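If you use mature numbering (1 follows the signal peptide of the UniProt record, and there is no 0), the sequence shown corresponds to residues -18 to -1, 1 to 295, in order. Built from N, CA and C at the ideal position, the CB exists for glycine as well. Computed from a predicted model, the values in this text were never measured in an experiment. Notes for the one structure printed next.
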Amino acid sequence: MRFHIITAAFLWAAFVESRKIRGISSSYKRFYRERKSFLCIDGSKMIPFEQVNDDYCDCADGSDEPGTSACPRGRFYCTNLGFRPHYIPSSRVNDGICDCCDASDEYNSHARCQNTCWNLGQKERAYVEGQMKTLDEGLRLKQQLIEDGVLLWREKQAQLRELQRAAEDLQIKLEEHRKRKHEADRLKEQTLKALKVGDRGFRHQNSTVSHLFQLLDSNKDGSISLDELKAKVVLVHDETRVLSEDEALTLLGGGHQMDLSKFQNTLWDVLIRGDGYKIKDAHSAPGGLMSEDTHLKAADRGYGDEGRRQTER
């Protein structure tokens, strides 16, 4: 008999304990330790501890009825082991509808709720794992893109440096070409000036050659004959001696007469040098060709070097 009394007391104590702590999260259990009295969590009222979860609302905040639907502002904590724990309004406790996946909200109703927390937890963990894999893949792709971007940036930097070097080389070459063009323009200008001067000198020389040829061509038939040469040309160091026929033939290039073209290429040079032959009494003709042309004077005087210098000028 005594054994049965002890057993019954133990079962009643266990029932009371489970009744009192139902609907409480682990963070709130410190407020529900069994004492002689219970202080409402909002501090508004002190009640006997036996009135906690007695299905009658004593506290204004509903904190004395966490495991029943007595308080309109109360909350019931679903532990949901294996899934996400959460709160539901206390009005849903024992309403015949399973709100907690562990069925803890329907502990005293006709509803036969199944504990589905493990299955829900598995699905959520699979979803989270999938999200994590997607995130990891995204992070991996992001890292790969960053690395590719760094490589591309370095490649573009190298190309930029190469282009800058090429631009500097082209700038140097451009400056060199500008200098060469400037030098070429300068030389061109000098050449054109020299050609103008040379053209004037060439025309003057041709005029001088023609004048000298006309001086020797006494009969103005367009050629210098053997007799005309012997009459007009003498030795520089012996003006009184008449040229022999052989000497005259040698000056005429072996022929008996000489036209202007042949004169310009042969006898003209001999007379201009003035080192062996000269024109006889060419300076004695007043107002004649000899007084107008320095080349004729050189031919008369025999100063070959002076004649050549004036020809070059």
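Fewer than three beta-carbon pairs drawn from the segment 60 to 69 and the segment 28 to 37 are found closer than 8 Å, and the two stretches are therefore not classed as touching. Looking at the backbone, the Cα of Trp135 and that of Glu158 are separated by about 34 Å. One alpha carbon belongs to Glu137, the other to Arg147, and they sit about 15 Å apart.
Rounded to the nearest whole angstrom, the C-alpha separation of Leu233 and Asp257 is 14 Å. Ser26 is classed as exposed because its beta carbon has fewer than 16 other beta carbons within 10 Å across all chains shown. DSSP places Arg74 outside any alpha helix (DSSP H), giving it a letter other than H or E. Per DSSP, the continuous alpha helix (DSSP H) segment holding Lys244 begins and ends at 242 to 247.
Annotation for Lys214: the continuous alpha helix (DSSP H) segment containing it runs 208 to 214. In the three-state scheme derived from DSSP, where H, G and I count as helix and E and B as strand, Lys202 is classed as coil. One alpha carbon belongs to Leu194, the other to Arg168, and they sit about 38 Å apart.
Restricting attention to Asp241, Ser19, Ile23, Phe20, the CA atom closest to the CA of Val191 is found in Asp241. Thr98 and Glu129 have their alpha carbons spaced roughly 46 Å apart.
Cα atoms of Leu152 and Glu165: separation of roughly 19 Å, rounded to the nearest angstrom. Sixteen is the threshold: since fewer than 16 other Cβ atoms of the shown chains lie within 10 Å of the Cβ of Ile79, the residue is exposed. With contacts defined by Cβ atoms closer than 8 Å, Ser73 and Pro54 form a contacting pair.
The Cβ atoms of Leu208 and Val216 do not sit closer than 8 Å to each other. The beta-carbon separation of Asp46 and Asn62, rounded to 23 Å, does not stay under the 8 Å limit for a contact.
A residue is called buried when at least 16 other Cβ atoms come within 10 angstroms of its Cβ; Leu117 does not meet this threshold and is exposed.
The C-alpha of Ala213 lies about 8 Å from the C-alpha of Lys262. CA-to-CA, the gap between His219 and Asn201 works out to about 28 Å. Boundaries for Leu225: no alpha helix (DSSP H) harbours it, and the DSSP string shows neither H nor E there. Take Thr248, set aside five residues on each side of it, and the residues of its chain with a beta-carbon closer than 7 Å to its own are Gly235, in chain order. Looking at the backbone, the Cα of Ala149 and that of Gly131 are separated by about 26 Å.
Among the bridge pairs identified by DSSP, Gln239 is matched with Ser207. Classified as buried, Arg255 has 16 or more neighbouring CB atoms from the shown chains inside 10 Å of its CB. Residue pairing by DSSP places Phe58 opposite Ile70 in a beta bridge. CA-to-CA, the gap between Ala230 and Ser189 works out to about 24 Å.
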